[in-house]
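Single-structure report; data block below.
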Amino acid sequence: MATINFGGVQENVVKRDEFPLNKAQEVLKNETVAVIGYGVQGPGQALNLKDNGVNVIVGQRKGTGSWKKALADGWEEGETLFEVEEACKKATVVMNLLSDAGQIQAWEGIKKHLTKGKALYFSHGFGVTFYEKTGIVPPKDVDVVLVAPKGSGTSLRSMFLNGQGLNSSYAVFQDATGKARERALALGIAIGSGYLFETTFQKEVYSDLTGERGVLMGAVAGIFEAQYNVLRQRGHSPSEAFNETVEEFTQSLMPLIADNGMDWMFANCSTTAQRGALDWKGKFREATEPVLNELYDSVVSGKEAEIVIEANSKPDYRTKLEEELNVMKNSELWQTGLEVRKLRPKL
Ligand SMILES: NC(=O)C1=CN([C@@H]2O[C@H](COP(=O)(O)OP(=O)(O)OC[C@H]3O[C@@H](n4cnc5c(N)ncnc54)[C@H](O)[C@@H]3O)[C@@H](O)[C@H]2O)C=CC1
Ligand SMILES: CC(=O)[C@](C)(O)C(=O)O
Ligand SMILES: [Mg+2]
Ligand SMILES: [Mg+2]
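So in UniProt numbering, spot 7 of the sequence shown is number 7, and the numbers just go up one at a time.
Below, the structure is given as C-alpha cells:
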C-alpha cells in the first residue's frame, strides 16, 4: 500500500503493482464468486472477473430482462447462471449487486446462505449503513467488504476491454476470517479496478449519494437547464444556447480539465474569459454551497435513502424512471443536443 500526498493530506492507496492480478488470482483460486444481480454493475464486474480467470457464477431472477441479458452474454443456465438463492448457496463470495432497493427484498433469501467463513461483498455502502431502513445486518461470522467502482458498470467493462482500469474505493466492514481485506483487494483488482482508495461503508455512501445528486449528475443537469433557459429567454437560438452550455463544455473544455486541471482549462481560454470566469466563480460557489449542505444533511439523516427505498421498491419503478428520463430526452434542450451531436465533424 502506498501513502500518497493529496494536496498536503496523506492517504492510503493500493496500486496494481503492489497487488497484481496474479496475486488476486492466487487469493481467489479456491473461491466460488457469485455475482448477484445482472443490471449495470453485475455484467461489468462478472465479465471482468471471468476474463481475469476467476471462478464466477451469476445469480439472477429467472425470466427477467437481466436474466435474458446474462444468457446473451454467454452465462449458461445450470452451469454458470442460477436463481439468486441457488447461486448464494454455491458461493463462497456473494457479491450483492442487486439494486439498492432490490437488496432489501432479496435479503432474507441471501442471508440464509451466508454461512461461516463466506464473504459478503457490496459495491455501495447503502444497505449496511442504512440498516435501520434496509434490515441488512450481516451475520457476525462472515467477512463484509465493499469495492465501489467510481463510475458506471458500463465504463468498467469498456475500459477493461480497452486495457484501462477504473478506480474504485474499498472498505472492510467486518473481518471474520482475518482475510477480509485481502479478499476485498483481490476482488477489487479482479473486477478491473486500477487503483483502490481506502474508505469506510459510511464514508462511501455519504460521498457517493452526495456526488451523484450533486455535481456528477443532479447539479450539472440543473445548471445546464438554467443557463439554456436564460439564453433562450434572452432570444438566442436553440443551437447557440446548446453550444454555449453543453457542447463546448463536453467537447472542448471538460477534456482540458480532465487532462490537466481547472487552471489549465482557464489558461487555454481567452484572457477575457479568464477574467470573467474568475470573477463569477465565487458567486456560483456561494449560491450552491448551501444547497450542497442541504443535500449532505439529507443524505446523513437517511432521508435520501428513504426516498430511494420508497420509490424503487414499487413494482413499476422502472417505468416511472423511464418516463422521467423521456421528459428530459424530449425537452428542447436535449432534442437540440441530439441534432448538435450529429454535427461533430470528423476530419
Ligand atoms: N449503476 C452503476 O454503474 C453503479 C452501481 N453501484 C452500486 O452497485 C449496486 C448495483 O447497482 P446497479 O447495477 O445499478 O443495479 P440495477 O438497478 O441495474 O439492478 C440490478 C439487478 O437487481 C435486480 N433486482 C431488482 N430488484 C430485485 C429483487 N427484489 N430481487 C431480485 N433481483 C432484483 C434487477 O433484476 C437487476 O438485474 C448498487 O448497490 C449500486 O448502488 C455502484 C457504482 C456504480
Ligand atoms: C456511477 C456511479 O458511481 C453512481 C453515479 O454513483 C451510481 O450509478 O450510483
Ligand atoms: Mg458512484
Ligand atoms: Mg451511486
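Each residue gets a CB set at the ideal place from its N, CA and C atoms; glycine is no exception.
Leaving aside the five residues before and after T134 along the sequence, list all residues of the same chain whose C-beta is less than 6 angstroms from its C-beta, in chain order.
For this step, residue 134 is matched to residue 134 along the sequence shown. The answer, listed in chain order, is I104, G127.
Do you know whose CA, among Q274, A176, E244, lies nearest K118's CA?
Translated into positions along the sequence shown, residue 118 becomes position 118. Nearest option by C-alpha distance: A176.
Straight-line Cα distance separating P138 from L231:
Taking the first residue of the sequence shown as 1, we reach residue 231 at position 231. Taking the first residue of the sequence shown as 1, we reach residue 138 at position 138. Roughly 52 angstroms between the two C-alpha positions.
Please name the residue in Q164, K50, S252 whose C-alpha comes closest to that of T32.
Numbered from its first residue, the sequence shown carries residue 32 at position 32. The residue with the shortest Cα to Cα distance from T32 is K50.
Short Cβ contact (8 angstroms threshold) for H113 with E77:
For the purposes of this step, residue 113 is taken as the residue at position 113 of the sequence shown. For the purposes of this step, residue 77 is taken as the residue at position 77 of the sequence shown. No, they are not a contact pair.
Does the region 39 to 54 come close enough to the region 201 to 213 that 3 or more CB-CB pairs lie under 8 angstroms?
no
Under 8 angstroms, with one C-beta from each stretch per pair, do the region 144 to 155 and the region 178 to 193 reach the 3-pair mark?
yes
I'd like the list of long-range same chain contacts for G337, defined as Cβ closer than 8 angstroms, with 5 residues on each side in sequence excluded.
Sequence index remark: in the sequence shown, residue 337 carries index 337 (1-based). Excluding residues within five positions, the ones whose Cβ falls inside 8 angstroms are F242, V246, E247.
Distance between Y195 and F160 (C-alpha atoms, nearest Å):
Here residue 160 refers to the residue found at position 160 of the sequence shown. Here residue 195 refers to the residue found at position 195 of the sequence shown. The straight-line gap from Cα to Cα measures roughly 13 angstroms.
Return helix, strand or coil for F130, following the three-state DSSP convention.
Sequence index remark: in the sequence shown, residue 130 carries index 130 (1-based). F130 falls in the coil class under three-state DSSP.
DSSP-derived helix/strand/coil call for Y228:
Counting from one through the sequence shown, the residue named residue 228 turns up at place 228. DSSP, read as helix, strand or coil, puts Y228 in helix.
Around ligand 4, Cβ to any heavy atom closer than 7 angstroms, ordered along the chain
H124, D208, L209, E212
Have a look at T154 and I57 and give me their C-alpha separation to the nearest angstrom.
Position 154 of the sequence shown, counting from 1, holds the residue named residue 154. Position 57 of the sequence shown, counting from 1, holds the residue named residue 57. Approximately 19 angstroms, taken between the alpha carbons.
Let me know if N12 comes out buried or exposed under the rule of 16 or more other beta-carbons within 10 Å of its beta-carbon.
Position 12 of the sequence shown, counted from the first residue, corresponds to residue 12. Around the CB of N12, fewer than 16 other CB atoms lie within 10 Å, so the residue is classed as exposed.
Going by C-alpha to C-alpha distance, which of A24, F6, A70 sits closest to L185?
Within the sequence shown, the letter at position 185 stands for residue 185. Considering only alpha carbons, the answer is A24.
Beta-carbon gap between I110 and V93 smaller than 8 angstroms
On the sequence shown, residue 110 is found 110 positions in, with the first residue counted as 1. On the sequence shown, residue 93 is found 93 positions in, with the first residue counted as 1. Not a contact, by the Cβ cut-off of 8 angstroms.
For G151, which residues from the same chain have a beta carbon less than 6 angstroms from its beta carbon, with the 5 sequence-adjacent residues on both sides left out?
As a working mapping, residue 151 is identified with position 151 in the sequence shown. Contacts found: L166.
Rounded to whole angstroms, what's the CA-CA distance from F130 to S169? Just pull it up for me.
Position 130 of the sequence shown, counting from 1, holds the residue named residue 130. Position 169 of the sequence shown, counting from 1, holds the residue named residue 169. Computed Cα separation, rounded: 19 angstroms.
Spatial neighbours of Q174 within its chain, please: C-beta separation below 6 angstroms, excluding the five flanking residues on both sides.
Residue numbering aside, residue 174 sits at position 174 when the sequence shown is read from its first letter. Excluding positions up to five away in sequence, the list reads V144.
Quick check: the Cα distance between G218 and T64, rounded to an integer number of angstroms?
Here residue 218 corresponds to residue number 218 of the sequence shown, with the count starting at 1. Here residue 64 corresponds to residue number 64 of the sequence shown, with the count starting at 1. Straight-line Cα distance between these residues: approximately 29 angstroms.
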